[in-house]
Structure formats: C-alpha cells, structure tokens
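Asker: Each residue of the sequence shown is one higher than the last, beginning at -1 in this note's numbering.
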Amino acid sequence: MEKLDVKLMAFDLDDTLLNDNREISDENVAALRQCAEKGIYIVLCSGRAEDAILPFVRRLEIAGKEAGRYIIAINGCSIFDMHKRQQIFCRKVEGDILSRTNEIAESWGLRSEVYTADTIYYKEETEWTRLDIELCGLKGVIVQDYDNFIKKGFTKMLLPGVPEKLQEIQKVLRAEFGKRAVIFTSKPYFLEILPPDCGKGEAVSWLAGQLNIPVQKTMGFGDSMNDESLIKMAGYGVAMCNGLPIIKETADFVTEKDNNHDGVADFIKKHIL
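See below:
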C-alpha cells in the first residue's frame, strides 16, 4: 500500500470523522492520536462555529500538543489557535449582502441566522433554528433589531429550510451576488452564505503557509459540498465513500469504509501509518 508523505491533515466532522450518532469512534481517535504523535498536524475543519468544535477537540486529547493546536471553523472563515486562545484568521460577509439575503429570504417565507464563535442570532425562533441549535450545540439568541444587527457583517449567514425551496433560492442568490459571496448547501436543509474566496481549502492553504508546510503535503477529508475546496486544494483530497458523487469524483482517493465503520482510521492506517 502506497505510503503518503503528509504533514497536515484536515478533517470535516459531520458524516466524515463523526458517525451518524455525531461521535468520533475509538478507532478514529486512536488513528488521529498516532498521527499527532508523529508530529502531523491534526486540524478539525468544520462548518460549525469554534465553541461547537471544542467538544470534539477534547475527545481527541491532543490540543496540548503542537500538532493539535489549530481548528478551522465556519467552513474556513475562521482559524483559531488554542495555545494562544485567539483567532488568527477571519473573513466576514459584507453587511449589505447579509441585509439583501435576509430581505430575499423573508420574501420566500424563510428566516436567516448569523453566527459568532459561541452564539447563533436570529429574528425569531422556528423549528429550523431549534434544529440548528441542537445539531451544533451553540446557544441561540433572538435579536429585536435583527435587520440593523446584521449590517455590521458576520462570518456566515445560514438559511435553514425545506431542501427544494433552498435549491431555488440558491439560484436567485448566486445570480444576485456573483463572486461577492460563496453560496452552497452544507446539508440539504442548510443553505450557507460565506465570504468570497473563502473555504476550507483556502483556510488549510493559509495555515500550511504559516507553518511552512508545502500544500502538497496536506490532506483533507470530506463528504459534502462545503468540503469541495478542501478536497480540491489539499495536496491529497480524500472523499468518504458515503460522500456525494461529485465529491468522490473530485477526490484523489475515496475511503473503502464509510463514516459509521471508521473510514478515516482505515484510510490512515493504510496510507499514513
């Protein structure tokens, strides 16, 4: 089996490193710890906000090591250094784009949300906001003057809703903003609006540059559309076999096992360890 020379590995969480119970298996934990012991940077790389990633960082128990000090949040809009306890990279969506997106969303009967590291903000609570809070474990806050609140800009806006409706509004928003925003579905019922030229792949490239690691020696694992730039831009893109067909077609490798059967650990044992 071909052994790959890798110095930094980035892992999507949902449906990649996590099983369907939203847990990191013992096998996956052991494999990532072994890589960290070898000095390979292990970077959790999620659409979730920083505080929602921390429980999974604690599960790995590598944050105290140099190889475990960084996390990438909000699909690449934020990079956090846990040793310095500070954000070292941040990109935001312009306030006017957020305002216009919210206006369009409301005309479609949808409600938007914006994020900080530990909180989801919205105009009113719905079944969709409750679902998001449950999935990511952040606190939710209703903002009375939401329309003005979002004008200062945020790393991410989310439109949760029925998948078929989100597919239609995605076309409208992409036509409206062009290259001024990155717009995609992270889950069929979550439509995300992010800053331009910003994604997991761009964040990994930036971090690798800071660490003097050639991009060719980075590896990214993912399964969905918010992992596309990671799969494309990492030196080695690894798609989960349970991932979307377009992600598997884009990747250099596809795991033999899915997220419920330690697909990440299986691949690492065969190609890294």
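Even glycine gets a Cβ: it sits at the ideal position worked out from N, Cα and C.
Since the model is a prediction, treat every value here as computed from it, not as a measurement.
1. Ignoring anything shorter than 4 residues, give me the alpha helix (DSSP H) runs that lie fully in the segment 26 to 69, in order along the chain.
2. Measure the C-alpha to C-alpha separation of Ser110 and Trp126 and round it to an integer number of angstroms.
3. Hey, Ala65 and Tyr39 are a contact pair by Cβ (cut 8 Å); roughly how many whole angstroms apart?
4. Along the chain, where does the beta strand (DSSP E) containing Gly235 start, and where does it finish?
5. To the nearest angstrom, report how far apart Ala34 and Arg57 are at their CA atoms.
6. First and last residue of the beta strand (DSSP E) that includes Lys268?
7. Can you give me the start and stop residues for the alpha helix (DSSP H) that Ala206 sits inside?
8. My guess is that Ile70 and Val236 are in contact by the Cβ rule of under 8 Å, so how many angstroms apart are they, rounded?
9. Phe188 and Leu157 - do their beta-carbons sit closer together than 9 Å?
10. By DSSP, does Lys150 sit in helix, in strand, or in coil?
11. Would you mind stating whether Glu48 and Asp116 have Cβ atoms separated by less than 9 Å?
12. Return the bridge partner residues of Ala173 from the DSSP annotation.
13. From Asp18 to Pro53, what distance separates their C-alpha atoms?
14. Taking the beta strand (DSSP E) that Leu108 falls in, what are its first and last residues?
15. How is Val112 classed by DSSP in three states: helix, strand or coil?
Answerer: This is what the structure holds:
1. Whole alpha helix (DSSP H) segments, 4+ residues: 48 to 58.
2. As a working mapping, residue 110 is identified with position 112 in the sequence shown. As a working mapping, residue 126 is identified with position 128 in the sequence shown. In a straight line, the C-alpha of Ser110 is about 10 Å away from that of Trp126.
3. Mapped onto the sequence shown, residue 65 falls at position 67. Mapped onto the sequence shown, residue 39 falls at position 41. The Cβ separation is near 5 Å, so the contact holds.
4. Position 237 of the sequence shown, counted from the first residue, corresponds to residue 235. Counting along the chain, the beta strand (DSSP E) containing Gly235 begins and ends at 234 to 237.
5. The residue given as residue 34 occupies position 36 in the sequence shown. The residue given as residue 57 occupies position 59 in the sequence shown. Between Ala34 and Arg57, the C-alpha separation is close to 14 Å.
6. In the sequence shown, the residue the question calls residue 268 occupies position 270. Taken as a continuous stretch (DSSP letters only), Lys268 belongs to no beta strand (DSSP E), being part of the alpha helix (DSSP H) at 261 to 269.
7. Residue mapping note: residue 206 aligns to position 208 of the sequence shown, counting from 1. It spans 198 to 208 - the alpha helix (DSSP H) in which Ala206 sits, taken as one unbroken run.
8. Indexing the sequence shown from 1 puts residue 70 at position 72. Indexing the sequence shown from 1 puts residue 236 at position 238. With 8 Å as the limit, Ile70 and Val236 do not qualify as a contact, their Cβ atoms being about 16 Å apart.
9. To locate residue 157, count along the sequence shown from 1; it is residue 159. To locate residue 188, count along the sequence shown from 1; it is residue 190. Yes, the Cβ-Cβ distance between Leu157 and Phe188 is below 9 Å.
10. Counting from 1 along the sequence shown, the entry for residue 150 is found at position 152. Lys150 falls in the helix class under three-state DSSP.
11. The sequence position of residue 48 within the sequence shown is 50, counting from 1. The sequence position of residue 116 within the sequence shown is 118, counting from 1. Yes, these two residues count as a Cβ contact at 9 Å.
12. As a working mapping, residue 173 is identified with position 175 in the sequence shown. Its beta-bridge partners do not exist; DSSP assigns none.
13. Taking the sequence shown and counting its residues from 1, one reaches residue 18 at position 20. Taking the sequence shown and counting its residues from 1, one reaches residue 53 at position 55. Between the alpha carbons of Asp18 and Pro53 lies a gap of roughly 16 Å.
14. The residue given as residue 108 occupies position 110 in the sequence shown. Leu108 -> no beta strand (DSSP E), and no H or E assigned at all.
15. If you number the sequence shown from 1, residue 112 lands on position 114. Residue state, collapsed to three classes: strand.
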